[in-house]
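As given, the protein sequences belong to chains X and V, one line each in that order. 42 is the number of the first residue of the first sequence in the numbering used here; add one for each residue after it. 3 is the number of the first residue of the second sequence in the numbering used here; add one for each residue after it. Idealized CB from N, CA, C, for every residue including glycine. Read through the structure below, which is laid out as structure tokens, and then see the notes.
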Amino acid sequence: MSETRGLEFWILALFFALFVVFLYGPLSAIVILSFQGPDGGLTFPLNGTSLHWFRNLTERQAVGDFGGSFRRSLTLGIGVMLVTVVVSLLAGLAFRRRFLGATPLFYLSVASLVVPSIIVSLGIGVMFQQVGLRPAWYSSAFGAHLTWTLPFGVLIMFAVFNRFSPAYEEAARDLGASAWQTFLHVLLPMIAPMLIGVGLFGFTLSYDEFARSLMTSGTYNTLPLEIYGMTTNVTTPVLYALGTVTTLFSFLVIVATLGAIVWLGRRRARGQGTA
Amino acid sequence: MTAAANPPALPMSEPDGTLPARRLARFGRSAAAYLQAAPLALILGAFLLAPLAMIVAVSFWDYDFARLYPDFVLTNYIETLGSAVTWRTYLNTFKYAVIVWVLTLVIGFWVAYFLAFHVRSQTMQMVLFLVCTVPFLTSNIIRMISWIPVLGRNGLVNTALVDLGIVPAPVEWLLYSDFAVVLAMVHLYTLFMVTPIFNTLMRIDRALVEAARDAGASSLQVLTNVILPLAKPGMAIGTIFVVTLVMADFITVQVMSGGQSASVALMMRNQMSLLQYPAAAANAVVLLAIVLLLVAAILRVVDIRKEL
Numbered sequence: 042m043s044e045t046r047g048l049e050f051w052i053l054a055l056f057f058a059l060f061v062v063f064l065y066g067p068l069s070a071i072v073i074l075s076f077q078g079p080d081g082g083l084t085f086p087l088n089g090t091s092l093h094w095f096r097n098l099t100e101r102q103a104v105g106d107f108g109g110s111f112r113r114s115l116t117l118g119i120g121v122m123l124v125t126v127v128v129s130l131l132a133g134l135a136f137r138r139r140f141l142g143a144t145p146l147f148y149l150s151v152a153s154l155v156v157p158s159i160i161v162s163l164g165i166g167v168m169f170q171q172v173g174l175r176p177a178w179y180s181s182a183f184g185a186h187l188t189w190t191l192p193f194g195v196l197i198m199f200a201v202f203n204r205f206s207p208a209y210e211e212a213a214r215d216l217g218a219s220a221w222q223t224f225l226h227v228l229l230p231m232i233a234p235m236l237i238g239v240g241l242f243g244f245t246l247s248y249d250e251f252a253r254s255l256m257t258s259g260t261y262n263t264l265p266l267e268i269y270g271m272t273t274n275v276t277t278p279v280l281y282a283l284g285t286v287t288t289l290f291s292f293l294v295i296v297a298t299l300g301a302i303v304w305l306g307r308r309r310a311r312g313q314g315t316a
Numbered sequence: 003m004t005a006a007a008n009p010p011a012l013p014m015s016e017p018d019g020t021l022p023a024r025r026l027a028r029f030g031r032s033a034a035a036y037l038q039a040a041p042l043a044l045i046l047g048a049f050l051l052a053p054l055a056m057i058v059a060v061s062f063w064d065y066d067f068a069r070l071y072p073d074f075v076l077t078n079y080i081e082t083l084g085s086a087v088t089w090r091t092y093l094n095t096f097k098y099a100v101i102v103w104v105l106t107l108v109i110g111f112w113v114a115y116f117l118a119f120h121v122r123s124q125t126m127q128m129v130l131f132l133v134c135t136v137p138f139l140t141s142n143i144i145r146m147i148s149w150i151p152v153l154g155r156n157g158l159v160n161t162a163l164v165d166l167g168i169v170p171a172p173v174e175w176l177l178y179s180d181f182a183v184v185l186a187m188v189h190l191y192t193l194f195m196v197t198p199i200f201n202t203l204m205r206i207d208r209a210l211v212e213a214a215r216d217a218g219a220s221s222l223q224v225l226t227n228v229i230l231p232l233a234k235p236g237m238a239i240g241t242i243f244v245v246t247l248v249m250a251d252f253i254t255v256q257v258m259s260g261g262q263s264a265s266v267a268l269m270m271r272n273q274m275s276l277l278q279y280p281a282a283a284a285n286a287v288v289l290l291a292i293v294l295l296l297v298a299a300i301l302r303v304v305d306i307r308k309e310l
């Protein structure tokens, strides 16, 4: 494939560029509109520029509680992330061996991915109600989010271990490492970047989840529920300011994660170079 | 610490292991596998299987405005399946699923094909792939409402169209219409098609493409005879994602149609807000059966475990 770029390349490149514009265009529209002047409305043109709506966001709202819902979503996201990483890693290790029920468990994970989220939400909500437990964001919603993040984590770990050569572990064992030492010093460093990726999925999928929180979050809203409430009640650009802030936060999380993965990769490459 | 002191770590072919020792080792290894799989099984059991069993049970219960009565009645199913509204809603949901599936498949394939076969440096490939991925890790609701200032009556598109003299008055069907619903769904779900297809395309042996070229195939022939058939598993997995996401969608339909269109999940959502849980549960069972049948049909074509 060393010939010069043909017409096909340029047509596809243009198509790809349009796709990227399609992805980011609307998002940039609300970012721009969140700097709307104090008298501006929900649509273009900009009626002056200001930080009015961002300030408005920090003030007490007539409806909703932005700060509280952000803290809840953040806590929930971190909790879901930690559980997703640990449970997916363990399950990935388990699937390397044959064990009774491996295939049903694998398909149960796939099922968890395809069962409509509103059905999970309804089921957990009604189950808690019938058992006499009060649904809350840290219990029922936590479980509901895991049914969405775990299958991603498990499938990623499954793919990782499909490509993972057992030769490294055998070498470590031949050199006298215990099972735990092999895991900690050989396996874990090699799959660390993928685990960070699983963590990113766990956090962002939980942080942005709406349908699964709907029936399970109880009295206090998570952030997506709060934003949804605002779409029906709020008719000022404060909605866009909130959108800009949460999107910026997501971007920061993604950049930090990618940075961590690149840093790990560099460190490993250096380690190999000097060893 | 030596390996011999730690039976589960013994390699399978330990030559001097006596029979009981080897049995113990095997037992230790499989016990470890069960312990490792247990958290996943417990969580999915408690938060997926048990709630689904609950839904199936509740779908046969009786209810009034205040509470549910454990029972075995078929009225929830009879009322749901006997109503023309339900059938129209299912039909509408299928319509969205088919249109969005075709669009995401076409867009997703070309994007993945461009990334896999036309971007030459691996770094550039990863960067462009991430550019596609990032929006999908942000809030769906924000991405949805971001269409409002673009498509609305005084939105960007309408302003441009009127200013350029293409249309005399703002186009009304851009927002709060089936068009807007499909557009938003394609916007939200295309990555679920791009990723699996890209993954499959990256695993195609480039020698196959070279061989086809050497044998005199044109670009188009390489595409239709080599790449497309090999991309099918990725397309199948993408299809599972997109179809199940669209079938389960209620928020896109609600926000982007402005309440003028319905989907099965939105119908359930409305029943839930009226506390008609058994009616919603009956709908859930029907929807779940349809989704699982669709997925099972697709899984007959592709073995997910091999594609990971």
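Between which two residues does the alpha helix (DSSP H) containing T82/V stretch? T77 to L83
Where S114/X falls, given that 16 or more other Cβ within 10 Å makes a residue buried: buried
At a cut-off of 7 Å, would you count A186/V as near the ligand FAD, judging by its Cβ distance to the nearest heavy atom? For the structure depicted, the ligand FAD is absent and the ligand set is empty, with no information on it obtainable.
Opposing strand residues paired with Q77/X [DSSP bridges]: T90/X
On the premise that I237/X lies in contact with I197/X, defined as a C-beta separation below 8 Å, what is that separation, rounded to the nearest angstrom? Contact check for I197/X and I237/X: beta-carbon distance about 11 Å, past the 8 Å limit, so the pair fails to qualify.
Using the DSSP secondary-structure output, state which residues sit across from D64/V in a beta bridge. Answer is Y71/V, bridged to D64/V.
8 Å Cβ cutoff met for F199/X and L246/X: No; because the gap between Cβ atoms is not below 8 Å, this pair is not in contact.
Quick one: Cα of F169/X to Cα of G133/X, how far? 30 Å
Residues of its chain near R204/X, where Cβ-Cβ distance is below 8 Å and the 5 sequence neighbours each way are ignored: Its chain contains no residue whose beta carbon lies nearer than 8 Å to that of R204/X once the 5 sequence neighbours on both sides are disregarded.
Which same chain residues, not among the five before or five after A7/V, have their C-beta less than 7 Å away from its C-beta? Note on A7/V: pLDDT 41, under 50, position unreliable in the model; the coordinate value appears next. Here A7/V has no same chain residue with a Cβ atom under 7 Å from its own Cβ, once five neighbours each way along the sequence are excluded.
Touching or not, the region 263 to 281 of chain V and the region 210 to 221 of chain V, by the rule of three or more beta carbon pairs under 8 Å? Cβ pair count under 8 Å is below three, so no.
Closest to G284/X by C-alpha separation, out of T82/V, M187/V, I143/V and V297/V, would be which residue? G284/X has its Cα closest to that of I143/V, out of T82/V, M187/V, I143/V and V297/V.
Let me check understanding here. Comparing Cα to Cα, which of I300/V, H120/V and Y71/V lies closest to A51/X? The residue asked about is misnamed: residue 51/X is Trp in this sequence, not Ala. The candidate whose alpha carbon is nearest that of W51/X is H120/V.
Mark R145/V as exposed unless 16 or more other C-beta atoms lie within 10 angstroms of its C-beta, in which case mark it buried. buried
Which runs of the alpha helix (DSSP H), 4 residues or longer, sit entirely within the region 115 to 182 of chain V? 124 to 135, 142 to 147, 150 to 153 and 158 to 165
Can you check whether the CB of F140/X is closer than 8 Å to the CB of A43/V? no
Sort M271/X, I159/X and V195/X by Cα distance to A182/X and report the nearest one. For the residues M271/X, I159/X and V195/X, the minimum Cα distance to A182/X belongs to I159/X.
Rounded separation between L289/V and Y248/X - CA only: Rounded to whole angstroms, L289/V to Y248/X spans 26 Å at the Cα level.
Counting only Cβ-Cβ distances shorter than 7 Å, please list the residues of the region 39 to 54 of chain V near chain X, keeping chain order. A39, P41, L42, A43, I45, L46, A48, F49, L50, A52, P53 and L54
Considering only C-alpha positions, which residue in the set L163/X, P234/X, L130/X and G81/X is nearest to S258/X? L163/X
Does the structure place the region 276 to 294 of chain V close enough to the region 53 to 69 of chain V that three or more beta carbon pairs sit under 8 Å? A contact exists between the region 53 to 69 of chain V and the region 276 to 294 of chain V.
C-beta neighbour in chain V for G79/X, strict 8 Å: It should be pointed out that residue 79/X corresponds to Pro in this sequence rather than to Gly. Answer no: the Cβ-Cβ gap between P79/X and chain V never drops below 8 Å.
Nearest-angstrom Cα distance between T241/X and T298/X? Here residue 241/X is Leu; the residue named in the question, Thr, does not match the sequence. One C-alpha to the other measures close to 7 Å.
Given a cut-off of 8 Å, decide if M195/V and G240/V are closer than it, judged by their beta-carbon atoms. yes
Rounding to the nearest angstrom, what Cα-Cα distance links R253/X and K97/V in this structure? 24 Å
Would you check if there are 3 or more beta carbon pairs closer than 8 Å linking the region 294 to 305 of chain V to the region 84 to 92 of chain V? no
Which of the three DSSP states, helix, strand or coil, is assigned to N203/X? helix
Return no unless some Cβ of chain X is closer than 8 Å to the Cβ of S179/V. Taking CB atoms only, S179/V has no neighbour in chain X less than 8 Å away.
Using a Cβ-Cβ distance cut-off of 8 Å, determine whether N1/V contacts chain X. Because chain V in this structure spans residues 3 to 310, residue 1/V falls outside the shown range and cannot be described.
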